[in-house]
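J.: Structure incoming, see below.
Protein chains: 2
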Amino acid sequence: MLGIDPNSGAALHRQVYESLRGAILDGSLRAGVRLPATRVLAEQLSLSRSTVADAYDQLQAEGYIEGRHGSGTFVAPSLPDDALPQPAHLSRPLDAQHPDFQLSAWGNRVVQSGRHVFPEGVSLQTFGYDFRPHRVAQDVFPWDAWRAGVDHALNSDRDALFYSPAAGHPSLRETIAQHVTKHRAVQCSPDQIVIVNGTQQGLNLLAELLLEAGESVAVEDPGYPAARHALEARGSKVSRIPVDHDGLMVEHVVDRGPFRLIHVTPSHQDPTGSTLSLSRRLALLDEARRTDCVIVEDDYDSEFRYEGRPVESLQGLDRADLVVYAGTFSKSVLAGLRIGFLVLPRRLVQPFVAAKSTWDSGAPMLEQLALVAFMRSGAFERHIRRMRRLYRSRRDALVEALDDAFGDRVQVGERHGGLNVLVRLDLSVSADAAALRAAQAGIALRPVSSYYEHPPVHATFLMGFAAVPEDTIAAGIRLLAQVLEAG
Amino acid sequence: MLGIDPNSGAALHRQVYESLRGAILDGSLRAGVRLPATRVLAEQLSLSRSTVADAYDQLQAEGYIEGRHGSGTFVAPSLPDDALPQPAHLSRPLDAQHPDFQLSAWGNRVVQSGRHVFPEGVSLQTFGYDFRPHRVAQDVFPWDAWRAGVDHALNSDRDALFYSPAAGHPSLRETIAQHVTKHRAVQCSPDQIVIVNGTQQGLNLLAELLLEAGESVAVEDPGYPAARHALEARGSKVSRIPVDHDGLMVEHVVDRGPFRLIHVTPSHQDPTGSTLSLSRRLALLDEARRTDCVIVEDDYDSEFRYEGRPVESLQGLDRADLVVYAGTFSKSVLAGLRIGFLVLPRRLVQPFVAAKSTWDSGAPMLEQLALVAFMRSGAFERHIRRMRRLYRSRRDALVEALDDAFGDRVQVGERHGGLNVLVRLDLSVSADAAALRAAQAGIALRPVSSYYEHPPVHATFLMGFAAVPEDTIAAGIRLLAQVLEAG
């Protein structure tokens, strides 16, 4: 809905202004709706906060929105006269403006988080140099093998396409069980595996199944914002536990607990890249057993490890039937698949399947069956091995390019795996302002501030290297240095 | 998990016994877990209640399960000695049996509903004659056109397969807006459309967004059980409003309200097949406006109407921005797609997208893009027209076959549309017992009792005709009559 194009030539604050004004006029931003904070919207759009603030100022001056002290910025209850007439596509004559529906406490928390005001967001937007995190290579993908998997699904077991078992297709559960046993030292049988529409759904189902509002949970700090957001929406009391070079500082879990649920990224901490040490793993499992706590092990990108031996999963060490291992195909195959899986403690399988079955009727079958064929043919492992080499080269190219372009004004964090590195730049401007200038030059950058309770003082970015072809990385980083020094 | 095969030769109660015992031994049914009521399990498996009761009796005699007066049947806390050794696939040595995790109120309601104890259910089971409701033809499907749509998706916009906007792909939202405007007189713009992972997810998101436990909602009686189940799980106070030949009896809504949300099937009431009259539509909209109530119009199979002119949607009459129109591709394309959509009131678009985005990151892209190609090529409308003719013939064949075989001992309900008819048989046995005998002969039948607060006294079934090839319908019904008369 908010289409900001840094290359269009129009001033960015004017584009933000026009988009918001349009949304207010066509009714998709209704009277009384709270707008996201300028900082939040700026981050979503990879723009500077001042750009968004300029747009808000103009909308406020013209009467489209109004600020209320201490509670934010809202669409004005009545619009300026010159806002009429209404656009033609609003064909239905509604009786009048209707007030917002009363929402649940969950609904209010979700809306008031200030996220997601713009349904389409910017996820379909493309950049010349896309250094956003958690992106995979789009220029190299085994289309023929994937298409063969899809073809197999369309031809081999057509009857299965007419159904959808809540827990997922048995053949995919079995294939995943074999894969995670072999590659991640997960210990499970296929009936502990439930296919979900992405791990975010898995986490929400666990939270809904286990948590009442007000109960205590823990997440990493810095840590993956969407996981924290889901738990905050549920009304959980969320403790943010600090992370160091050995991962989650488990002694703080012990001090600040007990918790009902802990979300953790032990193989490759998001965003710092650290690995949870063995002694901390054992301490975390002990503490969880002592306090009857569910651990969600989010293993979001451990396929991609470039140095050292692979770390086995936390789940493989669990003897107390309390770790949920969450895996995804968004990084290893295609993000648009929307297929993830949980390996559940035995005592949670039935309640979880009941929860999944109450919420929807299972994941899409075509993609489940295509994945089975893709995995069983060997194409999946080949793709991962190939991407591991490719991403390592891209990582090396990024680190080298950053060194060349920024010299002693850059610090790069842990880099032994994954799709991103933390990058701190010594700049005269803020991370937001830097991201704005970069976006204007066609370079996408993501400041890492939303991962932190107390964001770093120096401009710090979670830079993805996987989506940028190796031969353009150096040029992209040189351009970035130019753009940032010009300021 | 519970694999019951009526053709295996083994006695059915023995198969149920073995399956349950196996599940208890391998730990997937843990000590203390409440088993579904015999009636509920019998219904899930299309078996007689006495078959399930026999199996329960034997398990209880052997010490695997125990009954507690007034609260149900539970897996025994300690297993009989001869239950050991544990099966080999339980490879991980757990420390001990662990008690169930404490669940949320929602979790407890979902688990205690007694549904979904068996993750895989019987949805992949096939029958010689499948008269279960809500099934579509599997013998006639435009595979070439669907495959062309999938191919188009894999070739045309590959970049889109790496993302997933929370509200759905813009091209699909636009295509659906055009379709429902033209065919269902829905009044909307594309930005009111959100793609969901099936309409059940849509209903759950609405309930989570709008309802606190204890708030009042209304559903039809008889009515679609899964919708009621989702609302009951949320802790809603669910009123079951009677239905007659003009659909939902709106005067009872007025009497028993106000309600925060009403779930209704106005085009083709599920299961009676009646159409909500125009005067009742207007009265329902009035009452909803007066009480600030959201109406969920579940338009689950209105593509298939065989007589009379199509009924326009309730949404098209709404001038108060309060109807949510829910559509699905499960009946018109493939159930395994798991793609549905909501047309939202303008004032609910943003909160709903925030809810969807918090829960998962959108629906799978391959299937969204394949649907766009399938719809834009004209194949979708051709398929619906063709199925309309096919299903009408199958309906006629079913009604004729029932008349021939059962004479004045059968009554068939409304039959002007959809995929099922209500069929009442004068039998000397119950609907459950009849369904069991039918299953043993390879005929799948679904008693309609779970749709009712007070199930009908006479054996009544919701019989699907769409999935049974026309040339086998008469043979299937003759066999059914034989089987039921033999008893």
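Keeping their order, the protein sequence lines are chains A and B. Position 342 of the first sequence, counting from 1, maps to 343 under our numbering, and the rest follow consecutively. Position 448 of the second sequence, counting from 1, maps to 449 under our numbering, and the rest follow consecutively. Glycine included, each C-beta is placed from N, C-alpha and C at the ideal position.
1. Under 7 Å between beta-carbons, which chain A residues line up against L162 (chain B)? List them in chain order, please.
2. Restricting to Cα atoms, I'd like to know which of B:R438, B:L283, B:H459 and B:S275 is closest to V484 (chain B).
3. Determine the direct distance from the alpha carbon of C294 (chain B) to that of A321 (chain B), and round the result to whole angstroms.
4. Buried or exposed for R1 (chain B), please, with buried defined as at least 16 other CB atoms from any protein chain shown within 10 angstroms of its CB.
5. I need the straight-line Cα distance from L349 (chain B) to R69 (chain A), nearest angstrom please.
6. Go ahead and pull the three-state DSSP assignment for G224 (chain B).
7. Taking Cβ-Cβ distances below 7 Å as the criterion, which residues of the segment 191–206 of chain B are in contact with chain A?
8. So which residues of chain B does E19 (chain A) contact, with C-beta pairs closer than 8 Å?
9. Taking Cβ-Cβ distances below 7 Å as the criterion, which residues of the segment 360–371 of chain B are in contact with chain A?
10. Beta-carbon separation of V220 (chain A) and H170 (chain A) under 8 Å?
11. Count the C-beta pairs between the segment 389–409 of chain A and the segment 194–209 of chain A that are closer than 8 Å, then say yes if the count reaches three, no if not.
12. Under the rule that 16 or more other beta-carbon atoms within 10 Å means buried, what is Q270 (chain B), buried or exposed?
13. Mapping DSSP to helix, strand and coil, what is E298 (chain A)?
14. Okay, do the segment 458–476 of chain B and the segment 424–434 of chain B touch, 3+ Cβ pairs below 8 Å being the bar?
15. Starting from the beta carbon of F466 (chain B), find every residue of chain A whose beta carbon is closer than 7 Å, and list them in chain order.
16. Report the option in B:N421, B:A476, B:D472 and B:V422 whose CA atom is closest to the CA atom of I444 (chain B).
17. Rounded to the nearest angstrom, what separates R241 (chain B) and T292 (chain B) at their Cα positions?
18. Taking Cβ positions only, does L26 (chain B) come closer than 8 Å to chain A?
19. What three-state label does DSSP hand P441 (chain A) in the structure shown?
20. Under 7 Å, CB to CB, which of the residues in the segment 228–245 of chain B have a partner in chain A?
21. Tell me, please, which residues DSSP counts as bridged to I66 (chain A).
22. Per DSSP, which residues does M464 (chain B) bridge with? Please list them.
23. Nearest-angstrom Cα distance between Q16 (chain A) and Q59 (chain A)?
24. Please state whether DSSP places A219 (chain B) in a helix, a strand or coil.
25. Excluding five sequence neighbours on each side, which residues of the same chain lie with their C-beta closer than 8 Å to the C-beta of T176 (chain B)?
26. For chain B, find out if any of its Cβ atoms is closer than 8 Å to the Cβ of G224 (chain A); answer yes or no.
27. Can you list, in chain order, the residues of its chain whose CB lies under 6 Å from that of G358 (chain A), leaving out five sequence neighbours each side?
28. Does the beta carbon of P469 (chain B) come closer than 8 Å to any beta carbon on chain A?
29. Would you report the Cα separation of R410 (chain A) and L481 (chain A), rounded to the nearest angstrom?
30. Could you check whether the Cβ of D101 (chain A) sits closer than 8 Å to any Cβ belonging to chain B?
31. Among the residues of its own chain, which have a CB less than 6 Å from the CB of V181 (chain B), if the five just before and after it don't count?
32. Got a sec: is the Cβ-Cβ distance from D287 (chain B) to anything in chain A below 8 Å?
33. Report the residues of the segment 102–113 of chain A with a CB closer than 7 Å to any CB of chain B, ordered along the chain.
34. Which residues mark the beginning and the end of the alpha helix (DSSP H) in which S240 (chain A) is found?
35. Is the CB-CB distance between P223 (chain B) and V254 (chain B) below 8 Å?
36. Check this for me: beta carbons of G418 (chain A) and Y307 (chain A), under 8 Å apart or not?
T.: Put simply:
1. Taking the first residue of the second sequence as 1, we reach residue 162 (chain B) at position 161. Correct list: L335 and G337.
2. The residue you call residue 484 (chain B) lines up with position 483 of the second sequence. Out of B:R438, B:L283, B:H459 and B:S275, B:R438 has the C-alpha closest to the C-alpha of V484 (chain B).
3. Against the second sequence, residue 321 (chain B) aligns to sequence position 320. Against the second sequence, residue 294 (chain B) aligns to sequence position 293. C-alpha separation (whole angstroms): 10 Å.
4. The requested residue 1 (chain B) is not part of the displayed model; chain B covers only 2 to 488.
5. Here residue 349 (chain B) is taken as the residue at index 348 of the second sequence, counted from 1. Here residue 69 (chain A) is taken as the residue at index 68 of the first sequence, counted from 1. Going from the Cα of L349 (chain B) to the Cα of R69 (chain A) covers about 23 Å.
6. If you number the second sequence from 1, residue 224 (chain B) lands on position 223. DSSP places G224 (chain B) in the coil class of the three-state scheme, outside both helix and strand.
7. D192, N198, G199, Q201, Q202 and N205
8. One-based indexing of the first sequence puts residue 19 (chain A) at position 18. Within 8 Å Cβ-Cβ: nothing; E19 (chain A) doesn't reach chain B, min ~16 Å.
9. Against chain A - using a Cβ distance shorter than 7 Å - the residues of the segment 360–371 of chain B are W360, D361, S362, G363, A364, P365, M366, L367 and E368.
10. Translated into the one-based positions of the first sequence, residue 220 (chain A) becomes position 219. Translated into the one-based positions of the first sequence, residue 170 (chain A) becomes position 169. Cβ atoms of V220 (chain A) and H170 (chain A): not closer than 8 Å.
11. no
12. Along the second sequence, read from residue 1 onward, the residue named residue 270 (chain B) stands at position 269. By the neighbour-count rule (16 or more Cβ atoms within 10 Å), Q270 (chain B) is buried.
13. Residue mapping note: residue 298 (chain A) aligns to position 297 of the first sequence, counting from 1. Per DSSP, reduced to three states, the secondary structure at E298 (chain A) is strand.
14. yes
15. Counting from one through the second sequence, the residue named residue 466 (chain B) turns up at place 465. The premise fails here: F466 (chain B) is roughly 16 Å from chain A at the closest Cβ pair, so nothing lies under 7 Å.
16. To locate residue 444 (chain B), count along the second sequence from 1; it is residue 443. Cα-wise, what sits closest to I444 (chain B) is B:A476.
17. Residue mapping note: residue 241 (chain B) aligns to position 240 of the second sequence, counting from 1. Residue mapping note: residue 292 (chain B) aligns to position 291 of the second sequence, counting from 1. Roughly 18 Å between the two C-alpha positions.
18. Here the question's residue 26 (chain B) lines up with position 25 in the second sequence. Not one chain A Cβ lies under 8 Å of L26 (chain B).
19. The residue given as residue 441 (chain A) occupies position 440 in the first sequence. Rather than Pro, the amino acid found at residue 441 (chain A) in this sequence is Gln. The answer is helix: DSSP assigns Q441 (chain A) an H, G or I state.
20. Close to chain A, meaning a Cβ-Cβ distance shorter than 7 Å, are the following residues of the segment 228–245 of chain B: H230, A231 and A234.
21. Position 65 of the first sequence, counting from 1, holds the residue named residue 66 (chain A). The partner list for I66 (chain A) (beta bridge, DSSP) reads A:V76.
22. If you number the second sequence from 1, residue 464 (chain B) lands on position 463. According to DSSP, which records beta bridges pairwise, M464 (chain B) is partnered with B:V422.
23. Taking the first sequence and counting its residues from 1, one reaches residue 16 (chain A) at position 15. Taking the first sequence and counting its residues from 1, one reaches residue 59 (chain A) at position 58. Those two C-alpha atoms are separated by around 12 Å.
24. Here residue 219 (chain B) corresponds to residue number 218 of the second sequence, with the count starting at 1. A219 (chain B) falls in the strand class under three-state DSSP.
25. Counted from its first residue, the second sequence places residue 176 (chain B) at position 175. Excluding positions up to five away in sequence, the list reads L372, V373, M376 and R377.
26. Indexing the first sequence from 1 puts residue 224 (chain A) at position 223. Chain B contact via Cβ: absent.
27. Along the first sequence, read from residue 1 onward, the residue named residue 358 (chain A) stands at position 357. First, the amino acid is wrong: residue 358 (chain A) is Ser here, not Gly. Short of 6 Å from the beta carbon of S358 (chain A), and not among the five residues preceding or following it, lie these beta carbons of its own chain, in chain order: A167.
28. Residue 469 (chain B) sits at position 468 when you count from the first residue of the second sequence. Looking at the sequence shown, residue 469 (chain B) is not Pro but Val. Answer no: the Cβ-Cβ gap between V469 (chain B) and chain A never drops below 8 Å.
29. Here residue 410 (chain A) refers to the residue found at position 409 when the first sequence is read from its first residue. Here residue 481 (chain A) refers to the residue found at position 480 when the first sequence is read from its first residue. Taking the straight line joining both Cα atoms gives about 13 Å.
30. What you label residue 101 (chain A) is simply residue 100 of the first sequence in a count that begins at 1. With 8 Å as the cut-off, D101 (chain A) counts as an interface residue toward chain B.
31. In the second sequence, residue 181 (chain B) corresponds to position 180, counting from 1. If we look at V181 (chain B) and ignore the five residues flanking it on each side, its Cβ neighbours are V187.
32. Numbered from 1 along the second sequence, position 286 holds the residue referred to as residue 287 (chain B). By this cut-off, D287 (chain B) is not an interface position.
33. F102, L104, S105, A106, W107, G108, V111 and V112
34. Position 239 of the first sequence holds residue 240 (chain A). Premise fails: S240 (chain A) lies in the beta strand (DSSP E), K238 to D245, not in any alpha helix (DSSP H).
35. On the second sequence, position 222 is the one that residue 223 (chain B) refers to. On the second sequence, position 253 is the one that residue 254 (chain B) refers to. The answer is no: Cβ separation not under 8 Å.
36. Along the first sequence, read from residue 1 onward, the residue named residue 418 (chain A) stands at position 417. Along the first sequence, read from residue 1 onward, the residue named residue 307 (chain A) stands at position 306. For G418 (chain A) and Y307 (chain A), yes; Cβs fall inside 8 Å.
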